[in-house]
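Read through the structure below, which is laid out as structure tokens, and then see the notes.
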Amino acid sequence: MRNNHSESFLMFILFVSLSMKTAIAQNSTTIPVKVGVILNLDVGFDKMVLSCINMSISDFYSVHGDQYKTRLVLTARNSRQDVVGAAAAGLDLIKNVEVEAILGPPTSMQTNFVIDMGAKAQVPIISFTASSPSLSSLRSPFFLQATQNDATQVKAISDIVKAFRWREVVPVYVDNEFGSGIIPFLTDALQAIDVRVPYRSAISSTATDDELGEELYKLMAMQTRVFIVHMSSPVGSRLFIKADKVGMMRPGYVWIITDGLADFWSFMNSSVVDSMQGVLGVQPYVPKTKELTSFRNRFKRKFLQDNPDIVDADLNVYGLWAYDAITALAMAVEKAGTTNLGFQKPNVSSNSTDLENFGVSLSGLNLLQALSDISFNGLSGNFSFVNGQLKPSPYEIINVNGDAARGIGFWTAENGLIRKLYTPINNTTSTYSTSNSSLAPIIWPGEATFIPKGWEIPTKGKRLRIGVPVKIGFTEFVKVRKDPTTNSSIVEGYCIDVFEAAVKLLPYALPFDYFPFELPDGRSAGTYNDLVYQVYLGNYDAVVGDTTIRLNRSNYVDFTLPYTESGVSMVVPVKDIKNKNAWIFLKPLTWDLWFASFCFFVLIGFVIWVLEHRINEEFRGPLVFQVGTSFWFSFSTMVFAHKERLVSNLARLVIVIWCFVVLILTQSYTASLASLLTVQKLQPTVTDVKELIRNGAFVGYKEGSFVLGLLKNLGFDESKLLVYNTVEEWDALFTKGSGNGGIAAAFDEAPYIKLFLAKYCSKYTTVEPTFKTDGFGFVFPKGSPLVSDVSRAILGVTEGETMKEIEEKWFGKEANCPDPSTSLSSSSLGIESFWGLFLITGGVSVLALLIYLVVFIYEQWDVITSPDYKSLRQRAVALFWNFYNRDLSAHTIRKNEVNDQQIQLNEPVVGEPSPSAYSVQTDFLGEQDRVSSENGDRNSNDQQPLQETLLNSPAIQNHERPRVTEIMQD
Numbered sequence: 009m010r011n012n013h014s015e016s017f018l019m020f021i022l023f024v025s026l027s028m029k030t031a032i033a034q035n036s037t038t039i040p041v042k043v044g045v046i047l048n049l050d051v052g053f054d055k056m057v058l059s060c061i062n063m064s065i066s067d068f069y070s071v072h073g074d075q076y077k078t079r080l081v082l083t084a085r086n087s088r089q090d091v092v093g094a095a096a097a098g099l100d101l102i103k104n105v106e107v108e109a110i111l112g113p114p115t116s117m118q119t120n121f122v123i124d125m126g127a128k129a130q131v132p133i134i135s136f137t138a139s140s141p142s143l144s145s146l147r148s149p150f151f152l153q154a155t156q157n158d159a160t161q162v163k164a165i166s167d168i169v170k171a172f173r174w175r176e177v178v179p180v181y182v183d184n185e186f187g188s189g190i191i192p193f194l195t196d197a198l199q200a201i202d203v204r205v206p207y208r209s210a211i212s213s214t215a216t217d218d219e220l221g222e223e224l225y226k227l228m229a230m231q232t233r234v235f236i237v238h239m240s241s242p243v244g245s246r247l248f249i250k251a252d253k254v255g256m257m258r259p260g261y262v263w264i265i266t267d268g269l270a271d272f273w274s275f276m277n278s279s280v281v282d283s284m285q286g287v288l289g290v291q292p293y294v295p296k297t298k299e300l301t302s303f304r305n306r307f308k309r310k311f312l313q314d315n316p317d318i319v320d321a322d323l324n325v326y327g328l329w330a331y332d333a334i335t336a337l338a339m340a341v342e343k344a345g346t347t348n349l350g351f352q353k354p355n356v357s358s359n360s361t362d363l364e365n366f367g368v369s370l371s372g373l374n375l376l377q378a379l380s381d382i383s384f385n386g387l388s389g390n391f392s393f394v395n396g397q398l399k400p401s402p403y404e405i406i407n408v409n410g411d412a413a414r415g416i417g418f419w420t421a422e423n424g425l426i427r428k429l430y431t432p433i434n435n436t437t438s439t440y441s442t443s444n445s446s447l448a449p450i451i452w453p454g455e456a457t458f459i460p461k462g463w464e465i466p467t468k469g470k471r472l473r474i475g476v477p478v479k480i481g482f483t484e485f486v487k488v489r490k491d492p493t494t495n496s497s498i499v500e501g502y503c504i505d506v507f508e509a510a511v512k513l514l515p516y517a518l519p520f521d522y523f524p525f526e527l528p529d530g531r532s533a534g535t536y537n538d539l540v541y542q543v544y545l546g547n548y549d550a551v552v553g554d555t556t557i558r559l560n561r562s563n564y565v566d567f568t569l570p571y572t573e574s575g576v577s578m579v580v581p582v583k584d585i586k587n588k589n590a591w592i593f594l595k596p597l598t599w600d601l602w603f604a605s606f607c608f609f610v611l612i613g614f615v616i617w618v619l620e621h622r623i624n625e626e627f628r629g630p631l632v633f634q635v636g637t638s639f640w641f642s643f644s645t646m647v648f649a650h651k652e653r654l655v656s657n658l659a660r661l662v663i664v665i666w667c668f669v670v671l672i673l674t675q676s677y678t679a680s681l682a683s684l685l686t687v688q689k690l691q692p693t694v695t696d697v698k699e700l701i702r703n704g705a706f707v708g709y710k711e712g713s714f715v716l717g718l719l720k721n722l723g724f725d726e727s728k729l730l731v732y733n734t735v736e737e738w739d740a741l742f743t744k745g746s747g748n749g750g751i752a753a754a755f756d757e758a759p760y761i762k763l764f765l766a767k768y769c770s771k772y773t774t775v776e777p778t779f780k781t782d783g784f785g786f787v788f789p790k791g792s793p794l795v796s797d798v799s800r801a802i803l804g805v806t807e808g809e810t811m812k813e814i815e816e817k818w819f820g821k822e823a824n825c826p827d828p829s830t831s832l833s834s835s836s837l838g839i840e841s842f843w844g845l846f847l848i849t850g851g852v853s854v855l856a857l858l859i860y861l862v863v864f865i866y867e868q869w870d871v872i873t874s875p876d877y878k879s880l881r882q883r884a885v886a887l888f889w890n891f892y893n894r895d896l897s898a899h900t901i902r903k904n905e906v907n908d909q910q911i912q913l914n915e916p917v918v919g920e921p922s923p924s925a926y927s928v929q930t931d932f933l934g935e936q937d938r939v940s941s942e943n944g945d946r947n948s949n950d951q952q953p954l955q956e957t958l959l960n961s962p963a964i965q966n967h968e969r970p971r972v973t974e975i976m977q978d
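Numbering (the working numbering), first residue to last: 9 to 978.
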């Protein structure tokens, strides 16, 4: 039946060719240009393509027949789905028919052979179905790929994978030129977004159903659940039917098909469609236009008419590319001209082969150049060649749901994943999106609506093999012991409990078994680096223990988030130096604060004297007595023991502010001294790493720890490094001391230090510096999807009460010990903490002095302007003596004077003084003014003659001479 159909189809082709030749013969003005077509004419898909080609020629010349002198004449050859058949067809078309261009062959493998012949004969080869990236135009300038190169869709696929945050992907492809050509590009695109490809499933194009099932069962045994399928329609259809039968189309699986399958969606039968429910796919986007709709209707009628044995007519993008490719070729032939049509025959011997006996096209170069310049809007969209390849177009992302492939979004090279395509007029976005929110809701395999996580522990797979370290000391973290009954290993400890608590928080079951990293005799099989490397080698699936996250280890494995404190610190003994420093009482304040405080005490004393000495008898007397009284008053405020009475309001204001400052100073000094005396009891014996290196002191580290490398990098001599395994050994080394077989300091990680100080907090402490590390983490293979899930579970453990319970179980309740991270030094108080108070005090004192000065000058203005003083020096001396002496006009001085007079006259001092008490002073002052006026030219410092004149004056003789003398002395 198939042979009859083939013969009928060939007769149809022959009839079409003869009809066109007859039409050309009737029109002497047209020039025929021979074009070859190589297709698998036994396949319905290729019949569809050939029908599109014929309709394209008919449509083109029906529109442009009057303007074009050239006419394409097709010569079709059947490749019979064989590489050799395609090569033979190409050789016949070039050698015997002497075509100017060839369309096809349909597959990448067939095209690979024909390309070389086209390059030798300089005949352009135009393929609209061979999409393998290996068929690059760089290999031959005469090859034009009128289809989307498979390499252009890998970016769209990688963006889908990135949008849903899948960490592992397995490509499933047909093992031929078409399938393997995309793999290098796909792998590079996935690695660029940090996605692993743990396995590549290459399936033969001739694989049986049993072989497909065997490969699928192998994929089921893996953790990865995201598969990218790049196959031709025949093999891909059988693959999905088998995958559905073995249970790989249930929830949790992800299948992404390339355009190799997505473009043939309309050719698949219902059984294949039913098995592909929930599959995602990418396919070139074809704009929906009126011309396309009209062509689809015409194609369906003509195709069914020409092929009565076919029930339904299907059209896909390859048929549209074939239609546009013929249109482009017809335009290019007219543009290249007909002056050089034909072949140049080679000079070969009679016994040469057919490959050596065909000529070179004279129009090949011109036609190739013309094809490269063609650009137009065809049925498939914008059609033009860029470097021998069809210009890339957007990709549509589809989701198989029911009996249709539903569009859920698009991908463009400019914008990434988008929900709708924007036209150039309203395109307002320039951001590149890789978010799954840019896509419509997706129905996943098994009709699931939740996003698959992309991996799972296979139910029929092995349990996780988890390696644990074997150690002597610090067994609170990890401890391996033997069960006396079964002789099996029992693993326990802080790290084990944290891991098991995290596993319980996972949303799925995670079966695992512990395997101690030990030798047959029970000793450790190596260092922590050796244990971590076993995961890289595949001997363990994970490592659980007190394993520190380190950069060199992360080159081979992945770590979860840390679940302990981080950092490496120095542990040293503490010493008690209580009462050994006789000058410790000076340390609470810095020297600049001591000096500033002393200066302000002196300043306050001086200010109080200035404000009080003229009106306050307690600040009178000989000069030395006045100085002593002023400073005594100032310094006595330090302990608030001042007893002198202040009578000036300005002085009272100054002393109120100063007492507030003194109160703060004394309280701060007391607190700082108390803190300093307390801290001195825990003074570390060593505070500097460089001092240890310089003195050649011995230091310790935990055996097997990476701290050894850290100490070497710091400059420690390896001969000065001692190891310990337990906290008891650690303490014993400290007890011996450096030089006696012990150590002066030890370097270790924060969790071990915390455990050590919990037992010996009264003897040791930590000091700076702290070297940064990332704490303990669990180890998994590079790219393992368990890393992110376990890390999130660790956060759930550490942020809840579970972690506190685990710590109390293994380390006990927190001891009443000083925080080892707290600095042991107590800084002295500096002037920077009190400069504001000093500024206020100084400002008030200066303001008080200025006010006093203004008032004094105002009161002494008659002295300043008096004509009795002939020189500035005399006025200054007079002002100085007036400033130094009592202010007799002040009420405090007057009261004192009256009281003294009443006592000397044996008069009772009750109420206001009698008039006679003022008579002496009044007569004396009046007489003094009179004498001074008469002797204005007398020197003011010449007091003795003035006093004698006053005593002998008649006004003074009426009073008692002793009282007058006392007033004059005062």
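No residue lacks a Cβ here, since even glycine has one placed at the ideal position from N, Cα and C.
Since this is a predicted model, take the numbers as computed values, not measurements.
Which of the three DSSP states, helix, strand or coil, is assigned to residue i?
i           : result
residue 621 : coil
residue 603 : helix
residue 309 : helix
residue 815 : helix
residue 90  : coil
residue 46  : strand
residue 85  : strand
residue 1   : Any property of residue 1 remains undetermined from this structure, which presents the chain solely from 9 to 978.
residue 880 : helix
residue 211 : strand
residue 186 : helix
residue 581 : strand
residue 844 : helix
residue 526 : strand
Measuring only the C-alpha atoms, how far is residue i from residue j?
i           : j           : result
residue 240 : residue 529 : 58 Å
residue 248 : residue 458 : 22 Å
residue 400 : residue 276 : 26 Å
residue 590 : residue 681 : 13 Å
residue 982 : residue 60  : As shown, the chain starts at 9 and ends at 978. That puts residue 982 outside it, with no answer to give.
residue 611 : residue 847 : 13 Å
residue 114 : residue 48  : 7 Å
residue 439 : residue 462 : 27 Å
residue 428 : residue 413 : 17 Å
residue 448 : residue 279 : 26 Å
Please say whether residue j and residue i have beta carbons closer to each other than 8 Å?
i           : j           : result
residue 208 : residue 191 : yes
residue 797 : residue 570 : no
residue 507 : residue 786 : yes
residue 143 : residue 119 : yes
residue 532 : residue 479 : yes
residue 267 : residue 281 : no
Is residue i buried or exposed, if buried means 16 or more other CB atoms sit within 10 Å of its CB?
i           : result
residue 653 : exposed
residue 666 : buried
residue 57  : buried
residue 55  : buried
residue 559 : exposed
residue 516 : exposed
residue 301 : exposed
Checklist entry - For the region 230 to 300, which segments carrying the alpha helix (DSSP H) assignment without a break, of at least 4 residues, lie completely within its bounds, in sequence order? => result 241 to 254, 267 to 270, 278 to 283
Checklist entry - In chain order, which continuous runs of the alpha helix (DSSP H) of length 4 or greater are located wholly inside the region 378 to 430? => result none
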